[in-house]
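Here full-length UniProt numbering is used: the first residue of the sequence shown is 1, the next is one more, and so on.
To keep things clear, I will list the structure first and then write my remarks on it.
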Amino acid sequence: MKIFNCDHCGHPVFFENVTCLNCDSTLAFLPGPLTLAALEPVPGAAAPALWQRRDGEADGTRYRMCRNHDLYQACNFAVPADDANPLCLSCRQTRLLPDLSAPSNLERWYRIEAAKRRLYYTLARLGLMPTVSGTAPVEAPVFEFLADLPGEPPVLTGHRQGVITLNVAEADDDERARRRLALHEPYRTLLGHLRHESGHYYWDRLILAPKRLASFREVFGDESADYLKALEAHYAAGASAGDAWQEAHVSAYATAHPWEDWAETWAHYLHMVDLLETASTYQTTVVVPGAGPGQAAGASGPVANPFAAGDSDFDEMVRQWVPVTLLLNSLNRSLGQNDAYPFALREGALRKLRYVHDVIQASTGPAAAAATPVAAPQAAQKTSPPAAA
């Protein structure tokens with residue numbers, strides 16, 4: 001996530017900020033230009049309150065705050081005044097909510113939506129999420145955030161036919177830690193969950209619909225294998241499966257089934273581009289001790305923003321990724337924390353990450369309008385996975 005600057009006073013501001021601490025300007029995120037902007041009330045505007053940019057170069061666009069900001073202070077996205085939907089582009093993707101009269105659910109929902117807005121930003125930067133409203137239906141995942149109810153089956157986090165369901169208990173640190181240990185998933189976070197489940201959604205959109213199954217199977221394996229039996233076998237093995245997964249996967253869970261391998265790799269790719277954008281915003285240059293710039297272990301020059309060019313170089317991303325994660329882990333250890341990035345990517349996992357990169361570039365980058373270089377010959381298709389976890 002990049003670091004923004006208040007476009008009124010230039011002070012650094014962050015994605016979740018609603019006020020500039022330096023000049024007191026009201027801040028809101030504008031999905032159209034994908035920026036955090038300083039706003040001021042439109043003089044003489046009747047209710048509901050209308051806002052305009054305060055940067056002196058406003059284009060005349062008027063905005064409303066998202067309804068979830070006005071009612072719950074739970075969103076900092078703005079909505080163009082001529083958009084009939086009272087919710088911002090991120091919040092309107094949430095179809096079902098838990099009972100918000102319960103204070104615990106309100107806090108859980110707040111945390112989940114904050115993570116979902118970060119997911120929205122990264123996907124929008126990749127060209128995978130709409131940034132303006134249109135007359136056509138918005139092609140984006142739908143979210144349901146639900147709580148367990150007495151006497152009802154537990155809510156299972158997963159994806160099915162374009163709908164991502166999340167048990168709001170995942171927003172509780174203690175519950176998430178319990179599940180992290182029970183399921184042997186050392187990197188279990190709210191944002192990580194949402195990124196993983198979005199991978200299932202985009203598998204349908206970028207692999208199934210464009211008929212890329214042949215090339216997918218060459219890299220990830222045959223997804224027609226029985227999904228439920230594969231998950232049962234994975235959980236039955238538990239920790240006894242060992243560390244063999246590291247040879248060709250980004251996580252142990254990725255070994256369960258090709259669908260999960262794709263979703264885990266997809267989430268990992270989103271981790272990569274987000275962290276590299278953050279590092280580039282701070283103009284980070286990393287030289288690993290004992291290796292000079294340009295050598296195998298050192299980054300050559302400042303970390304590049306992976307979103308700066310429409311056709312980013314995957315090899316360069318990886319070259320910069322390794323020293324950045326070494327620095328990240330060393331900083332964490334200095335504070336007595338566990339490694340933030342407990343992974344070592346090997347050739348098999350990098351091949352899969354490259355495939356995700358190439359599919360995104362082919363679908364949204366400069367080559368998308370003319371060709372689809374990773375498209376596979378037409379292959380037998382099957383329906384969406386049964387509530388892929």
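Ideal placement from N, C-alpha and C gives every residue a C-beta, glycine not left out.
Let me know if residue i comes out buried or exposed under the rule of 16 or more other beta-carbons within 10 Å of its beta-carbon.
i	result
P293	Low confidence applies here, because P293 scores a pLDDT of 49, under 50, leaving its location unreliable; read the following figure in that light. With fewer than 16 Cβ atoms within 10 Å of its Cβ, P293 is classed as exposed.
R346	exposed
S224	exposed
V286	buried
A199	Per the sequence shown, the amino acid found at residue 199 is Gly instead of Ala. Counting Cβ neighbours within 10 Å, G199 comes out buried, since at least 16 surround it.
V13	buried
K352	buried
D7	buried
N338	exposed
K2	buried
A37	buried
Y235	exposed
G298	A caution first: G298 carries a pLDDT of 47, below 50, which makes its placement in the model too unreliable to give a value.
S334	exposed
E260	buried
Y120	buried
Q161	exposed
S90	buried
A102	exposed
A49	exposed
A244	exposed
L98	According to the sequence shown, residue 98 is Pro rather than Leu. With 16 or more Cβ atoms within 10 Å of its Cβ, P98 is classed as buried.
Using a threshold of 8 Å, state whether the C-beta atoms of residue i and residue j are closer than that.
i	j	result
F145	V168	yes
Y201	P130	no
F4	T26	no
A263	H196	yes
E316	A304	yes
C9	N17	no
L328	Y341	yes
A115	L191	yes
A256	G348	no
Y110	A74	yes
P31	C88	yes
T171	R117	Sequence check: residue 171 is Ala here, not Thr. For A171 and R117, no; Cβs fall outside 8 Å.
F143	Q93	yes
L39	R53	yes
residue 415	L71	The question about residue 415 has no answer, for the chain in this structure spans 1 to 389.
N85	S133	yes
R188	R178	no
Q320	L276	yes
Could you round the C-beta distance between residue i and residue j to whole angstroms and report it? I think they count as a contact, below 8 Å.
i	j	result
V356	Y253	The Cβ separation is near 16 Å, so there is no contact.
T364	G127	3 Å
V273	P306	5 Å
F314	P258	About 21 Å separates the two Cβ atoms, so there is no contact after all.
V359	L206	5 Å
P302	T284	7 Å
Going by DSSP, name the residue or residues bridged to residue i.
i	result
M65	A78
G158	T165
Q52	E40
P12	N5
E144	L96, T165
L30	T35
residue 392	Outside the modelled stretch of the chain, which goes from 1 to 389, sits residue 392, for which no answer is possible.
Kindly confirm or deny that the region 148 to 158 and the region 76 to 88 touch, where touching means at least three C-beta pairs closer than 8 Å.
no
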